[in-house]
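**Student:** Residue numbers (our numbering): 3 to 357.
For each residue, glycine too, the CB sits at the ideal point set by N, CA and C.
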C-alpha cells in the first residue's frame, strides 16, 4: 500500500492522523505510526517543555516516523482589556447558571510563544512538522530543512497553497470546509474559504507541483480512495481517531460524537474567537457569537478553564466538541485496529473500482 509520498516519509500507508491540538497523546501518535500511518502530536497549545516531554514519551513507545503540528502565531498579543472584562462577566454568568463552580481569570500569557514552540520542535526533531494559521519564515524553513524535517503547510484555498509552495513547503494539506476543528485560513476571511474538499482538491493538484494531502470529512477507506482519485497523495483524518481509547478527548465528547447528526455540525467562533467546525451544543447556543468579539487566542485562553471544568463534570454540552462533518461515521476502536480497518476498506474500494 506504500505510495511514493508515503515512502518519502518512511511510512507504509498514505494515512496521516491529524495533529489535533489538545486531543492527541503520545499513545495515540505512537499507535498510528507503529501501525504504518503517520501519527501527529497536536502541539498548538503546548509550552515548549511539554512538547519535548510528550515527544520523548512518544519515542519511547516506538521509533516510527511521526509529526508535530503547530499554529503559526505572533509571539505577543495585545488584548482589549475592557472587552476582556465584559467577556469574563458573560462567561462567568453562563458557568454559574450551568452549575459549574469555576470562573475565568486573566492568564500571564494568552498563548505560548510560537518562536519558543518552534525551537522545541526543532530539538524534538520529528520526521514531519506541520503548520496551520499562517506560513513560517524563510529562516525557520531553512532550520527545518537543515534537520531533514519534512514541512507540511495547511491551506484552505489555492492561493494559500501557492503561498506555502512559494515558501518551500514539501507538501500541502488542503483543508476542506468539512474538516473538524480550527480553520487554517490565513489569507482570507474564514467564511470566504469554506470550500468543499472534493472541489478544492483538483484545483490544488492542478496548481501545485508538490504533493497534496486531503483533509476534511474523510472517515473511511472509501473516502481515502476518493481523495486519491482526485489527486491526493495521502489523506489526513482527525475525527475518525477522536473516539479511539488512546485519544485524550473527554468521554462525554466521544459519546456525543457517536450520536452526532450532520445538521448539528457547524462553524463556531464562541469558544476561541477563531472559526472552527464542531457540534452545536448548549454552550454554542448560549454564546452564539464570540464574547464581545474577542479574537483568538484571547477568547480561547478565557474559556480554557471552563472547558476543563465541563470535561471533569462530564458536561459535553459545554465543551468545544470539535469534529468533522461526517462525525456520525466514527467507530470506537483502538487506533492500530482503526488504521488496519481503514486500509482494508481502501483496498476493497480500490478493487471494486477496478472491476
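Among 33, 136, 6 and 212, whose alpha-carbon lies nearest the alpha-carbon of residue 246?
**Tutor:** The shortest Cα separation from residue 246 among 33, 136, 6 and 212 belongs to 33.
**Student:** For residue 121 versus residue 204, is the C-beta spacing smaller than 8 angstroms?
**Tutor:** No, these two residues do not count as a Cβ contact at 8 angstroms.
**Student:** The beta strand (DSSP E) that contains residue 279, what's its start and end?
**Tutor:** Segment 278-281, the beta strand (DSSP E) holding residue 279.
**Student:** Could you round the C-beta distance between residue 74 and residue 7 to whole angstroms and report it? I think they count as a contact, below 8 angstroms.
**Tutor:** About 23 angstroms; that fails the 8 angstroms criterion.
**Student:** Using 8 angstroms as the threshold, is the C-beta distance between residue 332 and residue 241 below it?
**Tutor:** Contact: yes.
**Student:** Considering only heavy atoms of the ligand ZN, does any lie closer than 7 angstroms to the CB of residue 339?
**Tutor:** The ligand ZN is absent from the structure shown, which contains no ligand whatsoever.
**Student:** Have a look at 302, 62 and 266 and flag the residue whose alpha-carbon is nearest the alpha-carbon of residue 277.
**Tutor:** The residue with the shortest Cα to Cα distance from residue 277 is 302.
**Student:** Grab the span of the beta strand (DSSP E) containing residue 143 for me, first residue to last.
**Tutor:** Note, residue 143: premise wrong, no beta strand (DSSP E); alpha helix (DSSP H) at 140-148.
**Student:** On the three-state DSSP scale, how would you describe residue 12?
**Tutor:** Coil.
**Student:** According to DSSP, which residues form a beta bridge with residue 132?
**Tutor:** In the DSSP output, where bridge partners are listed per residue, residue 132 has 71 and 154.
**Student:** Are residue 195 and residue 215 touching if we call contact CB-CB under 8 angstroms?
**Tutor:** Result no, Cβ atoms of residue 195 and residue 215 do not sit closer than 8 angstroms.
**Student:** Can residue 38 and residue 341 be called in contact, C-beta distance under 8 angstroms?
**Tutor:** For residue 38 and residue 341, yes; Cβs fall inside 8 angstroms.
**Student:** Drop a sphere of 10 angstroms on the beta-carbon of residue 286, count the other beta-carbons inside from all chains shown, and report buried for 16 or more, exposed for fewer.
**Tutor:** Buried is the call here.
**Student:** Would you be able to state if there are at least three C-beta pairs under 8 angstroms between the stretch 141-149 and the stretch 179-186?
**Tutor:** Counting Cβ pairs under 8 angstroms, fewer than three are found: no touch.
**Student:** Work out the CA separation of residue 272 and residue 45 for me, nearest whole Å.
**Tutor:** Rounded to whole angstroms, residue 45 to residue 272 spans 22 angstroms at the Cα level.
**Student:** Could you spell out where the alpha helix (DSSP H) holding residue 223 opens and where it closes?
**Tutor:** Start and end: 223-231.
**Student:** With a threshold of 16 other CB atoms inside 10 Å of the CB of residue 148, please say whether the residue is buried or exposed.
**Tutor:** Exposed: under 16 other Cβ atoms inside 10 Å.
**Student:** Do residue 326 and residue 155 count as a contact pair if the criterion is CB distance below 8 angstroms?
**Tutor:** No, they are not a contact pair.
**Student:** To which residues of the same chain is residue 125 closer than 7 angstroms at the C-beta, ignoring the five residues directly before and after it?
**Tutor:** So the list reads 54, once near-sequence residues are dropped.
**Student:** For residue 25, which of helix, strand or coil comes out of DSSP?
**Tutor:** Residue 25: coil per DSSP, three-state reduction.
**Student:** So the candidates are 229, 319, 179 and 250; which of them puts its Cα closest to the Cα of residue 288?
**Tutor:** Checking every option, the nearest Cα to that of residue 288 belongs to 319.
**Student:** Could you spell out where the beta strand (DSSP E) holding residue 53 opens and where it closes?
**Tutor:** Careful: residue 53 lies outside any beta strand (DSSP E), inside the alpha helix (DSSP H) at 50-62.
**Student:** In terms of alpha-carbon separation, which member of 357, 308 and 355 lies closest to residue 100?
**Tutor:** It is 308.
**Student:** By alpha-carbon positions, which one of 21, 20, 5 and 22 ends up nearest to residue 14?
**Tutor:** Among 21, 20, 5 and 22, the Cα nearest to that of residue 14 belongs to 5.
**Student:** Under the rule that 16 or more other beta-carbon atoms within 10 Å means buried, what is residue 83, buried or exposed?
**Tutor:** The residue in question, residue 83, is exposed, as its Cβ has fewer than 16 Cβ neighbours within 10 Å.
**Student:** Can you tell me which of the three DSSP states residue 190 falls into?
**Tutor:** In the structure shown, residue 190 sits in coil (DSSP, three-state: anything other than H, G, I, E or B).
**Student:** Judging by CA-CA distance, which residue of 152, 22, 233 and 237 is the nearest neighbour of residue 129?
**Tutor:** Here the closest residue by C-alpha is 152.
**Student:** Please go through the same chain and pick out, in chain order, the residues whose beta-carbon is closer than 8 angstroms to the beta-carbon of residue 11, but skip the five residues on each side of it.
**Tutor:** 40, 67, 129, 130 and 152, listed in sequence order.
**Student:** Just checking, does the stretch 85-104 make contact with the stretch 310-317 on the three C-beta pairs under 8 angstroms criterion?
**Tutor:** Counting Cβ pairs under 8 angstroms, three or more are found: they touch.
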